[in-house]
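Asker: My structure is below; once you've seen it, I'll send some questions.
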């Protein structure tokens, strides 16, 4: 299908574009920006008046659940949710069952995603075999098969020598290492932030030091090994400040933050609210404000959903026994736009953190609308006001703390490889 998207405000931070320009799409590619190509005939014209037209969003870390946990979600259900959220590229974590530590498992995921056809699904390979933190995975084979990074997700690498060897191995093949900084001995059995709220509720807490100690260790190992390190889901002011200092050096360091960390606080678990059980936990107002500042000044380069869908029963226990995580694909964009409304970010920077930022971190050709690029486009109405109903989420996971929140900004069209995969 040939598409003519007319009348929209085209924002493409990677190409420094922010003006009213028409977009022309044919054979799955962008074929014209601003001026209609010779001989172009549109099969469909999309009126994007009063809308923002931007590159399809990139979510840097998504727990797809399939294979192995289809009772929580499937690749088809979650890529459909991604399309509804304007996301055209999502990067799946290796904590499936079996683990993505061999090319065969990644090929299984790749074929299933291609069959579903709603979004690009890229893979992070396992850093260690079975994510057990002992023996290194075959990173060379994983990269050859198409994995774009390696990670142990939130499974511990307690042996510092193993962590060093893993970073050295990854550096040899120029694979980014995505690390979730957390000292598991300091975390112990904690489920919320260690502070006044955890003390009042009698819940085991996770101190901020669990994150900062891990960040310090990984920074030292990264400097020694020369590995490209990406810190996933920072949650503390101390970690953000440490990263800001290092970013002034030549070390190849980057970071992201989960969008929910920029809104919710430790006090949101005051009623033992299981939907607010996340890892890392929601922390203090000072931490939240520091993270917002870090996103604004590019210390943190990307915003992600840290999407973790769960079946209802996973949240129907006493809080410490519930599964941590939020279903976040469909709230990633509207919550990021809320940062614009609160004057934390300007609109171009907000879109940059969802497109160019994650693309540059992982070396992807996505996140931009250049002529000849894949036609992955998000068209959203920045003024549309709506109320989130968790039961209306396309994701199989309805676990969100944002139920009944009034949000502004809603996706009208998502275009993936020149095909309309979502239309409101």
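Residue numbers (this note's numbering): -13 to 410.
Every residue, glycine too, gets a C-beta built ideally from N, C-alpha and C.
Could you check where the alpha helix (DSSP H) with residue 360 kicks off and where it finishes?
Answerer: As a first step, residue 360 is located in the chain shown; it is residue number 374 there, counting from the start. Unbroken run through residue 360: none, as it is neither H nor E.
Asker: Using a 10 Å radius around the Cβ and a threshold of 16 neighbouring Cβ atoms, would you call residue 108 buried or exposed?
Answerer: Taking the first residue of the chain shown as position 1, residue 108 is located at position 122. Buried is the call here.
Asker: Is it the case that the region 112 to 119 contacts the region 384 to 397, given that we only count it when at least three CB pairs across the two stretches are under 8 Å?
Answerer: Judged by Cβ distances under 8 Å, the region 384 to 397 makes no contact with the region 112 to 119, as fewer than three pairs qualify.
Asker: If you run the structure through DSSP and keep just helix, strand and coil, what is residue 391?
Answerer: For this step, residue 391 is matched to residue 405 along the chain shown. Here residue 391 sits in coil by DSSP.
Asker: Could you give the residue range of the alpha helix (DSSP H) that holds residue 78?
Answerer: Here residue 78 corresponds to residue number 92 of the chain shown, with the count starting at 1. Taken as a continuous stretch (DSSP letters only), residue 78 belongs to no alpha helix (DSSP H), being part of the beta strand (DSSP E) at 73 to 78.
Asker: Please classify residue 132 as buried or exposed, where buried requires at least 16 neighbouring CB atoms within 10 angstroms.
Answerer: The count along the chain shown starts at 1 and reaches residue 132 at position 146. So residue 132 ends up on the exposed side.
Asker: Whole-angstrom Cβ separation of residue 377 and residue 58, contact assumed at under 8 Å?
Answerer: Sequence index remark: in the chain shown, residue 377 carries index 391 (1-based). Sequence index remark: in the chain shown, residue 58 carries index 72 (1-based). Between residue 58 and residue 377 the Cβ distance is about 16 Å, and since that is not below 8 Å, they are no contact.
Asker: How is the alpha helix (DSSP H) around residue 270 delimited, first residue to last?
Answerer: One-based indexing of the chain shown puts residue 270 at position 284. Counting along the chain, residue 270 falls outside any alpha helix (DSSP H), and DSSP gives it neither H nor E.
Asker: If you follow the beta strand (DSSP E) that residue 353 is part of, which residue opens it and which one closes it?
Answerer: Walking along the chain shown from the start, residue 353 turns up at place 367. No beta strand (DSSP E) holds residue 353; DSSP gives it neither H nor E.
Asker: The beta strand (DSSP E) with residue 136 in it runs from where to where?
Answerer: Within the chain shown, residue 136 is the residue found at index 150, counting from 1. Residue 136 -> beta strand (DSSP E) spans 135 to 137.
Asker: Identify the continuous alpha helix (DSSP H) that holds residue 97 and give its terminal residues.
Answerer: Counted from its first residue, the chain shown places residue 97 at position 111. From DSSP, the alpha helix (DSSP H) with residue 97 extends over 89 to 102.
Asker: Which residues does DSSP list as the beta-bridge partners of residue 15?
Answerer: Taking the chain shown and counting its residues from 1, one reaches residue 15 at position 29. 12, 360, per the DSSP bridge assignment.
Asker: Within a Cβ cutoff of 6 Å, which residues of the same chain sit near residue 127, ignoring the five residues on either side of it in sequence?
Answerer: For the purposes of this step, residue 127 is taken as the residue at position 141 of the chain shown. So the qualifying residues of the chain are 89.
Asker: Between the region 311 to 318 and the region 70 to 88, are three or more C-beta pairs nearer than 8 Å?
Answerer: They touch, by the three-pair rule.
Asker: Let me check understanding here. Comparing Cα to Cα, which of 168, 43, 135 lies closest to residue 155?
Answerer: For the purposes of this step, residue 155 is taken as residue 169 along the chain shown, with counting starting at 1. Nearest of 168, 43, 135 to residue 155, Cα basis: 135.
Asker: Quick test of the definition: if touching needs 3 or more C-beta pairs under 8 Å, does the region 282 to 291 touch the region 42 to 49?
Answerer: Enough Cβ pairs lie closer than 8 Å, so yes.
Asker: Are there three or more Cβ pairs, one per stretch, closer than 8 Å when the region 248 to 257 is compared with the region 169 to 182?
Answerer: The region 248 to 257 is in contact with the region 169 to 182.
Asker: DSSP three-state label for residue 32, please.
Answerer: As a working note, residue 32 is residue 46 in the chain shown. Looking at residue 32 - three-state DSSP - the assignment turns out to be strand.
Asker: Can you look up residue 57 in the DSSP assignment and give me helix, strand or coil?
Answerer: The count along the chain shown starts at 1 and reaches residue 57 at position 71. Coil, per DSSP.
Asker: Nearest by alpha-carbon distance to residue 380: which of 392, 410, 368 is it?
Answerer: Here residue 380 refers to the residue found at position 394 when the chain shown is read from its first residue. Nearest of 392, 410, 368 to residue 380, Cα basis: 410.
Asker: Which residues in the same chain as residue 230 place their Cβ atom closer than 6 Å to its Cβ, once the five residues preceding and following it in sequence are excluded?
Answerer: Within the chain shown, the letter at position 244 stands for residue 230. Taken in chain order, the residues that qualify are 285.
Asker: Just checking, does the region 18 to 25 make contact with the region 316 to 332 on the three C-beta pairs under 8 Å criterion?
Answerer: The region 18 to 25 is not in contact with the region 316 to 332.
Asker: Per DSSP, residue 244 is paired with what?
Answerer: The count along the chain shown starts at 1 and reaches residue 244 at position 258. According to DSSP, residue 244 bridges with 290.
Asker: Mind checking which residues open and close the beta strand (DSSP E) that includes residue -2?
Answerer: As a working mapping, residue -2 is identified with position 12 in the chain shown. Its beta strand (DSSP E) spans residues -5 to -2.
Asker: Taking three-plus beta-carbon pairs below 8 Å as touching, is the region 365 to 374 in contact with the region 398 to 405?
Answerer: The region 365 to 374 is in contact with the region 398 to 405.
Asker: Closest to residue 125 by CA distance: which of 139, 144, 160, 342 is it?
Answerer: As a position in the chain shown, residue 125 is number 139, starting the count at 1. Per the Cα distances, 160.
Asker: For residue 53 and residue 82, I'd like the C-alpha separation in whole angstroms.
Answerer: Taking the first residue of the chain shown as 1, we reach residue 53 at position 67. Taking the first residue of the chain shown as 1, we reach residue 82 at position 96. Whole-angstrom Cα-Cα distance: 6 Å.
Asker: One question on the structure: do residue 295 and residue 64 come within less than 8 Å of each other, judged by their Cβ atoms?
Answerer: Locating residue 295 in the chain shown gives position 309, where the first residue counts as 1. Locating residue 64 in the chain shown gives position 78, where the first residue counts as 1. Yes.
Asker: Please specify which runs of the beta strand (DSSP E), each continuous and at least 3 residues long, are wholly inside the region 110 to 185, giving them in chain order.
Answerer: Segments of the beta strand (DSSP E) lying fully in the region 110 to 185: 135 to 137, 163 to 165.
Asker: So, do the region 197 to 204 and the region 220 to 227 have three or more beta carbon pairs nearer to each other than 8 Å?
Answerer: With a cut-off of 8 Å, the region 220 to 227 and the region 197 to 204 count as touching, because enough Cβ pairs lie within range.
Asker: With 16 other CB atoms within 10 Å as the buried threshold, where does residue 242 fall?
Answerer: For the purposes of this step, residue 242 is taken as residue 256 along the chain shown, with counting starting at 1. The residue is buried, with at least 16 neighbouring Cβ atoms inside 10 Å.
Asker: Thinking C-alpha only, which one of 238, 236, 352, 306 is nearest residue 261?
Answerer: Your numbering for residue 261 matches position 275 in the chain shown. Looking at the Cα atoms, 306 is the closest of the given residues.
Asker: Going by DSSP, which residues form a beta bridge with residue 40?
Answerer: On the chain shown, position 54 is the one that residue 40 refers to. In the DSSP output, where bridge partners are listed per residue, residue 40 has 364.
Asker: May I ask you to report which of helix, strand or coil DSSP gives residue 85?
Answerer: If you number the chain shown from 1, residue 85 lands on position 99. Correct three-state label for residue 85: coil.
Asker: What residues in its chain sit with their C-beta under 6 Å from that of residue 137, if we drop five residues either side in the sequence?
Answerer: Here residue 137 refers to the residue found at position 151 of the chain shown. Taken in chain order, the residues that qualify are 110, 113, 164.
Asker: To the nearest angstrom, how far is it from the Cα of residue 233 to the Cα of residue 350?
Answerer: As a first step, residue 233 is located in the chain shown; it is residue number 247 there, counting from the start. As a first step, residue 350 is located in the chain shown; it is residue number 364 there, counting from the start. Rounded to the nearest angstrom, the two C-alpha atoms are 21 Å apart.
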